[in-house]
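Worksheet: one structure, shown below.
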Amino acid sequence: MRGLLDTHVLLWWLADDKNLSPAHRAVIADPDNELFVSAIVVAEVAIKASLGKLQAPAGLDEAVRQSGFGELPFTAAHAEVLRELPWHHRDPFDRMLVAQAIAERLDLLTADGRLHAYAVTCV
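Converting from the sequence shown to our numbering requires adding 82 to each position, the first position being numbered 1.
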């Protein structure tokens, strides 16, 4: 499987948080899966941490690399998909992740049920 981690899934994985579902834990731990973390996730964490809305580990980019996740930049092609997305969800970070997952044909690892309204496979 090829997948893209939503922000909370990444943070829960890195913190070994009990909120991470057994299904997500199994997918991430499986070395046969090709998993990515978007630059959008790192930006979301940085913005929310700087606003005091989120406790985030320092050196998130290094933690992502050490975890073996691929890095996925946000491209103009992703923005074109974003423009066409229906407004099922208002959060701009989540909308960008959905656009990336659609454009790159990636499953989206998320616990956010609102994202199931989009034409993307949510795990």
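Cβ atoms here follow ideal geometry from the backbone N, Cα and C, with glycine treated the same way. Computed from a predicted model, the values in this text were never measured in an experiment.
For E153, the beta-bridge partners assigned by DSSP are V119. Spanning the alpha carbons of D98 and L142 requires a straight line of approximately 15 angstroms.
Around the beta carbon of D88, 16 or more other beta carbons sit within 10 angstroms, so the residue counts as buried. If you ignore the 5 residues before and after D176, its C-beta comes within less than 7 angstroms of the C-beta of D194, L197, all in its own chain and listed in chain order. Counting along the chain, D143 sits inside the alpha helix (DSSP H) bounded by residues 142–148. A residue is called buried once 16 or more other Cβ atoms fall within 10 Å of its Cβ, and E126 is buried on that count. Residues of the same chain with a CB within less than 7 angstroms of the CB of H170, apart from the 5 flanking positions on each side, are R196, A199, Y200 in chain order.
With respect to the 8 angstroms criterion, D189 and R84 are classified as neighbours on the basis of their beta carbons.
With a contact defined as Cβ atoms closer than 8 angstroms, I122 and L179 qualify at about 6 angstroms.
Uninterrupted alpha helix (DSSP H) stretches at least 4 residues long and entirely within the stretch 160–200 occur at 174–186, given in chain order.
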